[in-house]
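Numbering (the numbering used here), first residue to last: 49 to 157.
In structure tokens, the structure reads:
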């Protein structure tokens, strides 16, 4: 019997320069580059990273990843400093096992 891998979700705030256009591909690419640069391929193979939700008007995003790599993802998010030569900051707000509880956090703040 195989054990289903548990997933976790992180909601993070996006602070950026006003003239920077962000889309899903740019965000994922920058996070992956941060993971590869600071942790290498061995850790990158375990992550299973996926961007679940991106809201540029509210400046937040939600990503999904393997529960075993929570610290790696949080560190990689905080180490992203620029995208396309423009300053950007990804600030993790909350980690959860379900998207529903992250959405509740969004309504409260």
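Even glycine gets a Cβ: it sits at the ideal position worked out from N, Cα and C.
Exclusion of the five residues before and after residue 79 leaves 97, 124, 125 and 128 as the residues of its chain whose Cβ lies within less than 7 angstroms of its Cβ. Assignment of residue 130 by DSSP, reduced to helix, strand and coil, places it in the strand class. Residue 130 has its alpha-carbon roughly 21 angstroms from the corresponding atom of residue 89. Distance from the CA of residue 53 to the CA of residue 84, rounded to the nearest whole angstrom, comes to 22 angstroms. Closest option to residue 58, judged by alpha-carbon separation, among 121, 81 and 134: 121. Spatial neighbours of residue 106 in its own chain (CB-CB distance under 8 angstroms, excluding positions within 5 residues in sequence) are listed in chain order as 154. Excluding its 5 nearest sequence neighbours in each direction, residue 114 has C-beta neighbours in its own chain below 8 angstroms: 53, 54, 55, 56, 94, 95 and 96, listed in chain order. Within the same chain, Cβ atoms closer than 7 angstroms to the Cβ of residue 118 are found at 56 and 143, the five residues on either side in sequence being excluded.
Residues of the same chain with a CB within less than 7 angstroms of the CB of residue 61, apart from the 5 flanking positions on each side, are 107, 108, 139 and 141 in chain order. For residue 111, the enclosing beta strand (DSSP E) stretches over residues 108-114. In the DSSP assignment, residue 56 falls outside any alpha helix (DSSP H) and lies within the beta strand (DSSP E) extending over 55-64.
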